[in-house]
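Read through the structure below, which is laid out as structure tokens, and then see the notes.
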């Protein structure tokens, strides 16, 4: 992609257990794109081996709260006493540099981004069936029956928010899903409202 | 693609000389789609080797005019005393059968289709530059200088209608252009308003 073309903010969301992480990984493994992550900001302590600006931007609670007041996050949440958020300025910078920025986030966070960024592309990932989602949550093995039930109940509510997204992509196969997302990215760049400025000399000048 | 999913009407348009025909051909040569042509209807006499329903639907002028009165065309035009049109019912039938129907038509015809079909996908093909269009028209060799000038002047007017299309695809390379169109078709199928009905059981039912 050309450097002078602004990148897209791609918000990849969907219920827990649908496979957002594996699909995103498959997407990044594909050729022919210029995708980057958005590095989140957090107040939790840095763990051994982590790097500031790579794994997270590590900041103090004061700094985080100041940024909240300045409307400096696309979305943020508090989780067990620590804050996690997507810093708006960092994302904007990546987009301006022409990178496609992928945010892989939960449904509630995605809808917060939607309210702030009008030209982002919102993709809702769904399982092929409810059973597939349930099987996947169980097979993770890291969660007990109660947790699985809670997650499924949450998923049920989240499915009802699918209409708030631009696209629905079924994760029947992780590479198919990633391939569909790549097609969406390419199509979005070809949308008239995004691309017409590139053809200004064709449209406005005389031949 | 599944048979129970309605196909898309894809209107491929753009100025004369931009390469609509070669791009459409490259598109049909690609794998992984279910594209069909729309067979036009005409009042001109059948030529040796032509087949009714394959090359054109050959009808009388009375029949064609009756169909015009019945609003039976997506678009039609008179050309040197003969009529040419895209029959609405045939296209609808192909779409209902789940085929993607590609209409490769001139800009004026495309805009007539736009006024009649709300959910069709309108793609405007542009040359990489004005010079590329001019070179292509000249290199066809079948046209004299005056005809080239007339076509370029027409193209100049048509470029100003690009904003009426959903997508702009640059024909820098015929296979790249076809590939972008295939991405657009895939993305359009994943659009929430087109695909949400498929996930009804996920969204409405209990888990």
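Chains as they are written, first to last, in our numbering: chain A, 1 to 207; chain B, 1 to 207.
Positions of the beta carbon are idealized from the N, C-alpha and C atoms, including for glycine.
Quantities reported herein were computed from a predicted structural model and do not represent experimental measurements.
Between the Cα of residue 182 of chain B and those of B/157, B/153, B/121, spot the shortest distance and give me the residue it belongs to. Checking every option, the nearest Cα to that of residue 182 of chain B belongs to B/121.
Mapping the DSSP letters down to three states, classify residue 146 of chain A as helix, strand or coil. Residue 146 of chain A sits in a helix when the DSSP states are folded into three classes.
Going by the beta-carbon positions, is the gap between residue 61 of chain B and residue 76 of chain B smaller than 8 Å? Cβ atoms of residue 61 of chain B and residue 76 of chain B: not closer than 8 Å.
Neighbouring residues, chain A, relative to residue 195 of chain B (Cβ below 7 Å): Within chain A, the residues near residue 195 of chain B are 168.
Nearest candidate by alpha-carbon position, reference residue 266 of chain A, set A/89, A/136, A/138, A/159: Only positions 1 to 207 of chain A appear in this structure, which leaves residue 266 of chain A out of reach.
Pull out every residue of the segment 34-48 of chain B whose Cβ sits closer than 7 Å to any Cβ of chain A, in chain order. So nothing in the stretch comes that close.
For the beta strand (DSSP E) that contains residue 134 of chain A, what are its first and last residues? From DSSP, residue 134 of chain A is part of no beta strand (DSSP E) but of the alpha helix (DSSP H) over 130-139.
Report the neighbours of residue 159 of chain B on chain A: residues whose CB is nearer than 7 Å to its CB, in chain order. Taking a Cβ-Cβ threshold of 7 Å, the residues of chain A close to residue 159 of chain B are 202, 203, in chain order.
Distance cutoff 8 Å, beta carbons only. Does residue 199 of chain A sit that close to anything in chain B? Chain B places a beta carbon closer than 8 Å to that of residue 199 of chain A, counting this residue as a contact.
Do residue 155 of chain B and residue 226 of chain B come within 8 Å of each other at the CB atom, strictly closer than that value? There is simply no residue 226 of chain B to check, as chain B begins at 1 and stops at 207 in what is shown.
Interfacial residues, the segment 114-126 of chain B to chain A, with Cβ spacing under 9 Å: For the segment 114-126 of chain B, the beta-carbon criterion of a distance under 9 Å to any beta-carbon of chain A is satisfied by 122, 123, 124, 126.
Is it buried or exposed, residue 204 of chain A, if we count other Cβ atoms within 10 angstroms and call 16 or more buried? Burial call: exposed.
Alpha carbon to alpha carbon, how far is residue 37 of chain A from residue 73 of chain A? Give it in angstroms, no decimals. Using only the alpha carbons, I get a separation of about 16 Å.
Per DSSP, residue 82 of chain B is paired with what? Paired residues: B/79.
Length at least 4, wholly inside the segment 29-116 of chain A: the alpha helix (DSSP H) runs in chain order: Listed in chain order, the complete alpha helix (DSSP H) runs (minimum 4 residues) inside the segment 29-116 of chain A are 61-69, 88-96, 107-116.
Would you check if the distance between the CB atom of residue 188 of chain A and the CB atom of residue 8 of chain A is smaller than 8 Å? Going by C-beta atoms, residue 188 of chain A is nearer than 8 Å to residue 8 of chain A.
Residue 41 of chain B, buried or exposed, once every other Cβ within 10 Å from all chains shown has been counted against 16: By the Cβ-count criterion, residue 41 of chain B is buried, with 16 or more other Cβ atoms from all chains shown falling within 10 Å of its own Cβ.
Count the other CB atoms within 10 Å of the CB of residue 47 of chain B; is the residue buried (16 or more) or exposed (fewer)? The residue is exposed, with fewer than 16 neighbouring Cβ atoms inside 10 Å.
Per the DSSP calculation, residue 123 of chain B is bridged to which residue(s)? The bridge partners DSSP lists for residue 123 of chain B are B/12, B/167.
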